[in-house]
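Order-wise, the sequence lines are chains A and B. Under my numbering, the residues of the first sequence are numbered 16 to 238, in order. Under my numbering, the residues of the second sequence are numbered 101 to 324, in order. Just so it is clear, CB atoms sit at the ideal spot from N, CA and C, and this is done for glycine as well. Computed from a predicted structure; not experimentally measured. Input: a single structure, listed below in structure tokens.
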Amino acid sequence: MNGLLNWDFIAKYTPMYVTAAKLTVTIAFWGILFSLAVGLVCAALQYYKIPILRRIAAVYIELSRNTPLLVQLFFLYFGLPKIGVKWSAEVCAVVGLTFLGGSYMAEAIRSGLESVDTIQLESAASLGFDSRQTLVHIVLPQALAVSVPGVVANVIFLIKETSVVSGIALADLMYVAKDLIGLYYETDEALLMLVAAYLVILLPISVLATLLERRLRYAGFGN
Amino acid sequence: MQGSGISVLFKGRNFIRLLGGLWVTVRISLLSVLLSIPLGILFGMFMTLKNPVSRAVSRIYLDFVRIMPQLVLLFLVYFGATRAFGWNLSSELSAVIVFTLWGTAEMGDLVRGALISIPRHQYDSAAALGMTRMQTFVYIIVPQTVRRLLPLAINLTTRMIKTTSLVVLIGMVEVLKVGQQIIDVNRFDYPTAALWVYGVVFILYFLVCWPISLLAKRLEQRWR
Chain A
16 MNGLLNWDFI AKYTPMYVTA AKLTVTIAFW GILFSLAVGL VCAALQYYKI PILRRIAAVY
76 IELSRNTPLL VQLFFLYFGL PKIGVKWSAE VCAVVGLTFL GGSYMAEAIR SGLESVDTIQ
136 LESAASLGFD SRQTLVHIVL PQALAVSVPG VVANVIFLIK ETSVVSGIAL ADLMYVAKDL
196 IGLYYETDEA LLMLVAAYLV ILLPISVLAT LLERRLRYAG FGN
Chain B
101 MQGSGISVLF KGRNFIRLLG GLWVTVRISL LSVLLSIPLG ILFGMFMTLK NPVSRAVSRI
161 YLDFVRIMPQ LVLLFLVYFG ATRAFGWNLS SELSAVIVFT LWGTAEMGDL VRGALISIPR
221 HQYDSAAALG MTRMQTFVYI IVPQTVRRLL PLAINLTTRM IKTTSLVVLI GMVEVLKVGQ
281 QIIDVNRFDY PTAALWVYGV VFILYFLVCW PISLLAKRLE QRWR
């Protein structure tokens, strides 16, 4: 034994963690991007009360919020190929993350849109704003301030959720850690690097989230 | 003869087995929630203390548990505790420990939020009416806190149930694992079993979590 930790081991296997972290970040990036798109569409459908489509959005939101990502992924990765839909594990991970994240983003965006009082819309109309102007100059600036903290919290949540993609055999951070524990029994080092890797990814975003929330507090006007 | 995948669900005791698997995760989450509520209330009160040391300790605990994916926490306890302390924890016990630690942090933060959201004048008015500290707490503060807290605590339960699906990754036999076994056994007789089994698991989770979410939403609207 040379000291508390085996530094040679850490040095030797850090590149594996870097590769795995890249995969985690890539999946999270695409998943979050598509989640935002899905969330925007669903929130708009519900905000503008589009008939039928808003019901579909509501059903989707309930389905996605009340089921775990791991089960969604198992269905996509092991279930769908039986009816001829064969996606690679990476595609399944991004689709699954989007299915999960879309509803969370929709709720965050919708709560922002709904936080803008009706009287604001009426005032804008009486001042002769058309609907586009009302949206751009009145609704969005106020809605954003309410939505952004929720959206950023969802970003962190979704990055954390990517940790389950190891369940469909993607070599992400969890997968590498488990592999190293199984192969070499250097459990302390493998777990330490795992925690460090997630801290490196998530701490900056979490700090940024706190700063952003403080910056956006201007919308608390009147409360 | 190859049968349609859907009939595999009703062959023998398959459906009962799936439900039994689901109960494993639900049991872990209910146990963890029951432990998290009292611990979370204590932790929440601890967090409102003005002492800088207690603030720093609770902050670090809360932030660490929140920032780490729950799967990482499971790995830390399941693989790490054996190494660090020589404890040989079963996967079920590790899961309960992790979800209680996580639940306590989340619950504590909710309790803290509810406690500080009660305006000062409530305490002052109670004092002006001659109530003792104990009376103020029991008749004024607790009823208001509970109303704010209960919907959020119920929501935490659904999050807990969804997150306990991860225990399959530290080797517990729960609903996904049972599903996998059913699929493997029937690989040749029912080639499309995976679609139906995982589809049903998806729906089962939904049927467990949805009513609880609805209840939380209902209470939130009524008590606003």
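For Leu118 (chain B), same chain residues with a beta-carbon under 8 Å away, outside a window of 5 residues either side, are Leu109, Val275, Val278, Gly279, Ile282, Val297, Val300, Val301, Leu304 in chain order. By the rule that beta-carbons nearer than 8 Å mark a contact, Ile76 (chain A) does not touch chain B. Linking Gly140 (chain B) to Glu320 (chain B) through their CA atoms gives a straight-line distance of about 20 Å.
At a cut-off of 8 Å between C-beta atoms, Gly94 (chain A) counts as an interface residue with respect to chain B. Taking C-beta atoms as the reference points, Leu171 (chain B) and Met189 (chain A) count as a pair closer than 8 Å. Using a Cβ-Cβ cut-off of 7 Å, Ser265 (chain B) is close to Pro83, Leu85, Val86 of chain A, given in chain order.
Rounded to the nearest angstrom, the Cβ distance from Leu173 (chain A) to Ile47 (chain A) is 5 Å, consistent with a contact under 8 Å.
A Cβ-Cβ distance of about 6 Å is found for the pair Leu85 (chain A) and Leu266 (chain B), placing them in contact under the 8 Å criterion. Note on Lys101 (chain A): under 16 other CB atoms within 10 angstroms of its CB, so exposed under the neighbour-count rule. For Met231 (chain B), the secondary structure class from DSSP, reduced to helix, strand or coil, is coil. Contact check between the region 218 to 225 of chain B and the region 184 to 199 of chain B: fewer than three CB pairs, one atom from each, fall below 8 Å, which does not count as touching.
For Arg212 (chain B), the nearest beta carbon of chain A is not closer than 8 Å to its own beta carbon. By the neighbour-count definition (other C-beta atoms within 10 Å, threshold 16), Ile216 (chain B) is an exposed residue. In terms of Cβ geometry, Tyr75 (chain A) and Ser126 (chain A) do not form a close pair [threshold 8 Å]. The Cβ-Cβ distance between Leu128 (chain A) and Ala58 (chain A) falls below 8 Å.
Rounded to whole angstroms, the separation of the alpha carbons of Pro156 (chain A) and Lys37 (chain A) is 34 Å. Of the candidates A:Tyr62, A:Val210, A:Arg229, the residue whose Cα lies closest to the Cα of Val33 (chain A) is A:Val210. For Arg70 (chain A), not one C-beta of chain B is nearer than 8 Å to its own C-beta. If you look at Ile134 (chain A), you'll find it in the alpha helix (DSSP H) that goes 133 to 141. The beta carbon of Tyr223 (chain B) sits no closer than 8 Å to any beta carbon of chain A.
The beta carbons of Phe179 (chain B) and Thr264 (chain B) sit about 18 Å from each other, so the pair does not count as a contact at 8 Å. Taken in chain order, the members of the region 183 to 204 of chain B whose beta-carbon sits within less than 8 Å of a beta-carbon on chain A are Arg183, Ala184. In this structure, the alpha-carbon of Tyr290 (chain B) lies about 32 Å from that of Ile71 (chain A). A direct Cα-to-Cα measurement between Ala160 (chain A) and Arg232 (chain A) gives close to 7 Å. Relative to Gly182 (chain A), the option among A:Leu68, A:Pro83, A:Ala26, A:Ile134 whose CA is nearest is A:Pro83. Exposed is the label assigned to Leu307 (chain B), since fewer than 16 other Cβ atoms lie within 10 Å of its Cβ. With 16 or more neighbouring CB atoms inside 10 Å of its own CB, Ala293 (chain B) falls in the buried class.
For chain B, the residues of the region 191 to 205 of chain A that bring a beta carbon within less than 7 Å of one of its beta carbons are Ala192, Ile196, Thr202, Asp203, in chain order. Within the model, the alpha-carbon separation for Ala184 (chain A) versus Ala43 (chain A) is close to 16 Å. Using a Cβ-Cβ cut-off of 8 Å, Gly182 (chain A) is close to Val268, Leu269 of chain B, given in chain order. If you draw a 10 Å sphere on the C-beta of Asn151 (chain B), you find fewer than 16 other C-beta atoms in it, and that means exposed. Within the model, the alpha-carbon separation for Asn169 (chain A) versus Ser50 (chain A) is close to 10 Å. Setting aside the 5 residues that flank it on each side, Ile312 (chain B) is surrounded in the same chain by Ile254, Thr257, Thr258, each with a C-beta closer than 7 Å to its C-beta; the list follows chain order. Closest in C-alpha terms to Ile270 (chain B), from the list B:Leu130, B:Ser191, B:Gly121, comes B:Ser191.
At the C-beta level, Ser136 (chain B) and Phe146 (chain B) stay beyond 8 Å of one another.
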